[in-house]
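Below is one structure, written out as structure tokens; the observations come after it.
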Amino acid sequence: MVTRSEEETVRLGRLIASHLPPGSFLLLSGELGCGKTVLVRGVAEALGIPPDEISSPSFNIVHEYDNLVHVDLYRLEALEQLEDLGFEDFLTDERIKVVEWGKPLKEIVENFVEVECRDRGGEREFTICDPKGKICRLLKTEFGGTDVENS
Ligand SMILES: Nc1ncnc2c1ncn2[C@@H]1O[C@H](COP(=O)(O)OP(=O)(O)OP(=O)(O)O)[C@@H](O)[C@H]1O
Ligand SMILES: [Mg+2]
Numbered sequence: 604m605v606t607r608s609e610e611e612t613v614r615l616g617r618l619i620a621s622h623l624p625p626g627s628f629l630l631l632s633g634e635l636g637c638g639k640t641v642l643v644r645g646v647a648e649a650l651g652i653p654p655d656e657i658s659s660p661s662f663n664i665v666h667e668y669d670n671l672v673h674v675d676l677y678r679l680e681a682l683e684q685l686e687d688l689g690f691e692d693f694l695t696d697e698r699i700k701v702v703e704w705g706k707p708l709k710e711i712v713e714n715f716v717e718v719e720c721r722d723r724g725g726e727r728e729f730t731i732c733d734p735k736g737k738i739c740r741l742l743k744t745e746f747g748g749t750d751v752e753n754s
């Protein structure tokens with residue numbers, strides 16, 4: 604799915620969030636500056652959180668809201684550190700957990716949707732992988748793209 608502006612990426616984030624079951628992990632990957640945090644703004648908006656409250660965590664790895672947990676694992680050195688972040692609690696938490704640099708969590712959590720972002724020079728390409736398949740189909744219709752990958 605291709606977005607041509609920040610606004611389109613925010614809209615995609617909103618749409619993705621609207622289909623996430625409670626407690627889901629949204630695992631974001633992709634190079635620095637590809638648009639992960641912009642996508643999180645859309646997720647926040649869908650959950651009623653003002654999008655300008657979302658920032659790239661610089662010191663804190665975890666930002667918690669009433670119904671959202673925003674995690675950025677860029678600075679995580681080893682998975683063992685997750686314990687210090689209170690990660691165990693997130694596993695049973697009903698809030699949506701959106702995790703930048705979240706790929707390593709694929710081995711740990713079950714209820715996840717994966718989003719990979721690529722910088723195509725101005726445009727950004729988002730590949731959504733939803734193991735249960737439903738979100739990809741729904742987004743294909745709602746977002747209007749034709750290049751959704753489902754694996
Ligand atoms: N289509 C687009 N969607 C999202 N952001 C875009 C788009 N086109 C250009 N941009 C720009 O790309 C940047 C994306 O920044 P963002 O902080 O979201 O990246 P990130 O993936 O979270 O990076 P990091 O890994 O450092 O956390 C912003 O400066 C934004 O204006
Ligand atoms: Mg970011």
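The sequence shown begins at 604 in this note's numbering and counts up by one. Where a beta carbon is used, it is the ideal one built from N, C-alpha and C, also for glycine. Values in this document were obtained by computation on a predicted structure and should not be read as measured data.
Per-residue burial, residue i [other beta carbons within 10 Å of its own, 16 or more giving buried]
i: residue 751; result: Model confidence at residue 751 stands at a pLDDT of 41, short of 50, so the residue's coordinates are unreliable and nothing is read from them.
i: residue 616; result: buried
i: residue 724; result: exposed
i: residue 671; result: buried
i: residue 655; result: exposed
i: residue 700; result: buried
Assumed close pair residue i, residue j - CB separation to whole angstroms, cut-off 8 Å
i: residue 702; j: residue 630; result: 5 Å
i: residue 716; j: residue 623; result: 7 Å
i: residue 742; j: residue 707; result: The Cβ separation is near 24 Å, so there is no contact.
heavy atom of ligand 1 below 8 Å from residue i C-beta
i: residue 635; result: yes
Where the alpha helix (DSSP H) containing residue i begins and where it ends
i: residue 648; result: 639-649
i: residue 632; result: It is not in any alpha helix (DSSP H) - residue 632 instead sits in the beta strand (DSSP E) that spans 628-632.
Any non-hydrogen atom of ligand 2 within 8 Å of residue i CB
i: residue 639; result: yes
i: residue 733; result: no
i: residue 659; result: yes
Residues sharing a beta bridge with residue i, DSSP
i: residue 671; result: 699
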